[in-house]
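A.B. asks:
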Amino acid sequence: GELYLLNFLEKVLTDEYEVYFQPFINGDNPDIIIMKRDSAVMIIEVKDWHLTNYYIDEKTNWRLQQNNAFIKSPFSQVFHYKQSLFDIHDKNLFSKNIFNSKTFSIIVCAVYFHNVDMETTIRKFLETGHQNNEPYKKFLEYNEIIGRNELNAQYFQKILERRRFTKRSNYFDSDLYHSFRRLFKPPFHTKEEGIEIKYSPRQMELLESKPSSQKIKGAAGSGKTFILAKRAVNAHIRTKERV
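Residue numbers 1 to 243, in this note's numbering, belong to the letters of the sequence shown in order.
1. Please go through the same chain and pick out, in chain order, the residues whose beta-carbon is closer than 8 Å to the beta-carbon of residue 166, but skip the five residues on each side of it.
2. Taking residue 11 as the reference, give the member of 151, 243, 186 and 242 with the closest Cα.
3. Secondary structure at residue 72, three-state DSSP: helix, strand or coil?
4. Return yes when the Cβ of residue 3 is within less than 8 Å of the Cβ of residue 19, no when it is not.
5. Would you report the Cα separation of residue 13 and residue 154, rounded to the nearest angstrom?
6. Using DSSP with H/G/I as helix, E/B as strand and the rest coil, what is residue 233?
7. Kindly indicate which three-state DSSP category residue 63 falls into: helix, strand or coil?
8. Give the straight-line distance between the Cα atoms of residue 169 and residue 178, rounded to the nearest whole angstrom.
9. Buried or exposed: residue 58, going by 16 or more other Cβ atoms within 10 Å of its Cβ?
10. Going by the C-beta, is residue 145 closer than 7 Å to any heavy atom of the ligand ADP?
11. Could you tell me which of 29, 35, 55 and 37 sits nearest to residue 46, measuring between CA atoms?
12. Quick check on this structure: which residue in 227, 104 and 221 has the alpha carbon closest to the alpha carbon of residue 201?
13. According to DSSP, which residues form a beta bridge with residue 41?
14. Going by the CB atoms, is the gap between residue 35 and residue 245 shorter than 8 Å?
15. Which of the three DSSP states, helix, strand or coil, is assigned to residue 165?
16. Give the straight-line distance between the Cα atoms of residue 140 and residue 173, rounded to the nearest whole angstrom.
17. For residue 163, is the classification buried or exposed, using 16 other Cβ atoms within 10 angstroms of its Cβ as the cut-off for buried?
18. Are residue 15 and residue 22 closer than 8 Å when you measure CB to CB?
19. Cα separation between residue 146 and residue 193?
20. Ignore the nearest five residues each way along the sequence and tell me which others in residue 79's own chain have a CB closer than 7 Å to its CB.
21. Please report how far the alpha carbon of residue 206 lies from the alpha carbon of residue 195, in whole angstroms.
22. Could you pull the DSSP bridge partners for residue 147 from this structure?
23. Report yes if the CB atom of residue 49 is closer than 8 Å to the CB atom of residue 125, and no otherwise.
24. Should residue 210 and residue 216 be called a contact, given that it needs their Cβ atoms to be closer than 8 Å?
Right under this line is the structure:
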């Protein structure tokens with residue numbers, strides 16, 4: 001589901017939009033985040049679930065049909081990511097929200113059901129037995145619900161317009177944008193994972209593990225930490241002991 005949605009977004013979104021796949025945000029891993037500078041942010045939870053395997057009880061809790069076990073609903077998951085951005089991860093955002101609650105609206109929640117065709121089918125599943133539960137229905141309205149057959153450029157453009165991605169927001173300032181960007185960008189070790197590190201000739205000389213002390217000095221960004229990490233590996237290989 002994630003790959004299908006990413007391929008779709010690559011085709012329909014312009015370069016004004018930034019798309020982040022499973023950013024690691026202090027322990028949280030939302031599936032996909034879309035951000036447009038000066039406009040809004042959308043957190044998308046992707047589910048490959050078949051709804052026939054689940055039901056929603058009288059207290060609006062999601063449960064498995066097989067054994068009635070509780071599971072966290074995708075809407076609770078995506079709202080948790082949004083709430084965490086305000087409460088934990090971004091002090092800048094938290095303080096802005098205190099002074100102006102409208103800042104809360106710049107982050108939009110969405111759930112994409114990859115194995116369900118229509119939003120109306122999903123909404124019928126969600127609301128069956130809860131037609132008179134207004135707080136629950138209002139909570140659902142805060143979320144965009146997307147079925148697989150509706151994943152087309154025209155339908156998605158309507159979502160972007162409805163959620164004000166096509167307009168400039170007075171609440172999404174430059175400070176907030178750069179703060180989000182720092183959070184969403186993958187850390188270096190994740191971005192470069194699996195890619196072999198290329199050391200300079202001088203660094204190669206310093207990688208050798210020796211049974212003696214040695215001081216290594218260098219400017220910021222010269223690779224001291226890389227050398228230390230590789231040298232620790234080489235020390236383990238040389239001694240066959242814990243380093």
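No residue lacks a Cβ here, since even glycine has one placed at the ideal position from N, Cα and C.
C.D. replies: Quick answer:
1. 39 and 160
2. 151
3. coil
4. no
5. 12 Å
6. helix
7. strand
8. 15 Å
9. exposed
10. You won't find the ligand ADP in this model; it holds no ligand whatsoever.
11. 29
12. 227
13. 35 and 107
14. What is shown of the chain runs 1 to 243, which leaves residue 245 out entirely.
15. coil
16. 28 Å
17. buried
18. no
19. 32 Å
20. 109
21. 21 Å
22. 113
23. no
24. no
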